[in-house]
Each structure stands twice: as C-alpha cells, then as structure tokens.
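Data first, discussion second: the structure below is written as structure tokens.
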Amino acid sequence: MSNYSIRRMELDELKAFYQLIVRDFSQGEYAPYSIIYQHLQGGLQKALIFCEGEKDIAYSVCTDSHENNYVLISLLAVFKEYRGQGIGSAFLKRLRLMYRDKQVLLVEVERPDQAKTPADADSRRRRIEFYERVGFYLIEGVDYSIWDIPMYLMALPLVASKETINREIKRSMYELYLSLMGETLIHKMQITES
Numbered sequence: 001m002s003n004y005s006i007r008r009m010e011l012d013e014l015k016a017f018y019q020l021i022v023r024d025f026s027q028g029e030y031a032p033y034s035i036i037y038q039h040l041q042g043g044l045q046k047a048l049i050f051c052e053g054e055k056d057i058a059y060s061v062c063t064d065s066h067e068n069n070y071v072l073i074s075l076l077a078v079f080k081e082y083r084g085q086g087i088g089s090a091f092l093k094r095l096r097l098m099y100r101d102k103q104v105l106l107v108e109v110e111r112p113d114q115a116k117t118p119a120d121a122d123s124r125r126r127r128i129e130f131y132e133r134v135g136f137y138l139i140e141g142v143d144y145s146i147w148d149i150p151m152y153l154m155a156l157p158l159v160a161s162k163e164t165i166n167r168e169i170k171r172s173m174y175e176l177y178l179s180l181m182g183e184t185l186i187h188k189m190q191i192t193e194s
C-alpha cells in the first residue's frame, strides 16, 4: 500500500498552488487569490495537500469550520502527471477518514446540461460519475447556483443520514456560504426547491 498522507498547505505556498487552481479549474469555479488567502488566514477554509511519501500529488480547499459540521470540498484536483491512477479516489478516502466525525462531505459539480460544448458536457458527466464511484449521491429536489453557474450538489454521508442531509441542505449551504461570502455577496448563491 502506498504511503499517502494529508498535510495542511502553508500560506506561503498558496501563490504557487493558485497557479495550479487557475490551470485546473474553469474561471468562475474558484475565488480570487485574495479571497482564498483571507479565508485560509482566517480559518474559514483549509487548503490540504495529498502526498505520497514526500511528494505532493493532489490538493483540495475545504470549508470545514462551520458549527453545522458540514464539510464543503470547494476544490479538489490531482496533479496532471498523476491523473488516472486512482489518486483522486485515494484522496477522498483519506478526507472521509479525516472528517469522519463531521456530518457530511459535499461537492459542487457543474451541470452537464448547461455545458457550452459537447466536450465540456462529457467532462462534467465524468466528474459526476467519479464522485458517484466513491460514494457521493446527487441531491435531488434543489436548484442550486453559485456566481450564476448552475450546479448540482453531491453528498457523501458520514454521520448524518441521507434523509437529514436532504432536509437540511438548503439551510446548511446558506450558512456555509454566508460565512464565506458575507451579507453583501450571499445573493450570489441561490438554492431553491425544484
């Protein structure tokens, strides 16, 4: 078995990792550098590095400090040279273990039916399938968008039941984003029953 571990990213590493974020994610999927820096510095979010031995191989940004005990994985990516080797699944397995006392792990995925190109739609479908393979399910019955980008919410129950998550998801996501965005920008997150 590989020697995997998770370490917390130091603030002075963020500049280099932000270049990876810009490369790995579409514009609009990530916050500006200054916002991520403030969130990490203030403890609202954690940047985590997945390592094999001493080698960094993947990274994630998680919101995990809210009192509702819901963990939002805002960003998760495997370094290009390690993709297709099961690293993403191994990272999520470790995150699941790390957060085992929290209620749920949540991810936001862009909706394939809102893609501008067939290639983008296919990429979005593959992302959803990846999360389903590691145990996440699509939360049905809610329309969700962040920064005007329609998304699906997916959940991996840890302590909370699926029924509890489905019942509390609107309030819990609002609370998480209110802590991240504040009163002036919370209107950029929309979640309603569909």
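Start counting the sequence shown at 1; every next residue gets the next number (UniProt numbering). Glycine included, each C-beta is placed from N, C-alpha and C at the ideal position.
- Counting the other Cβ atoms within 10 Å of the Cβ of residue 105 gives 16 or more, which makes it buried.
- The criterion of a C-beta distance shorter than 7 Å is satisfied by residue 89 and residue 134.
- No Cβ-Cβ contact shorter than 7 Å links residue 115 with residue 139.
- Each of 101, 45, 144, 30 was checked against the Cα of residue 157, and the nearest Cα belongs to 101.
- CA-CA distance, residue 93 to residue 54, rounds to 19 Å.
- Closest by C-alpha distance to residue 52, out of 20, 148, 7, is 7.
- Put simply, the stretch 107-126 does not touch the stretch 78-89. Fewer than three CB pairs are less than 8 Å apart.
- Straight across, the Cα-Cα distance linking residue 69 with residue 103 is about 5 Å.
- Within 10 angstroms of the beta-carbon of residue 64 lie 16 or more other beta-carbons, which makes it buried.
- Annotation: residue 186 to residue 5 spans about 35 Å, alpha carbon to alpha carbon.
- In this structure, the straight-line span from the alpha carbon of residue 146 to that of residue 32 is close to 14 Å.
- In terms of Cβ geometry, residue 61 and residue 45 form a close pair [threshold 7 Å].
- Distance check between residue 152 and each of 180, 190, 181 places 190 closest, using alpha-carbon atoms only.
- Taking a C-beta distance under 7 Å as the contact criterion, residue 17 and residue 82 do not qualify as a contact pair.
- In terms of Cβ geometry, residue 47 and residue 9 form a close pair [threshold 7 Å].
- For residue 132, the enclosing alpha helix (DSSP H) has its first and last residue at 118-133.
- Of the residues 24, 12, 166, 25, the one whose Cα lies closest to the Cα of residue 34 is 12.
- At the C-beta level, residue 77 and residue 122 stay beyond 7 Å of one another.
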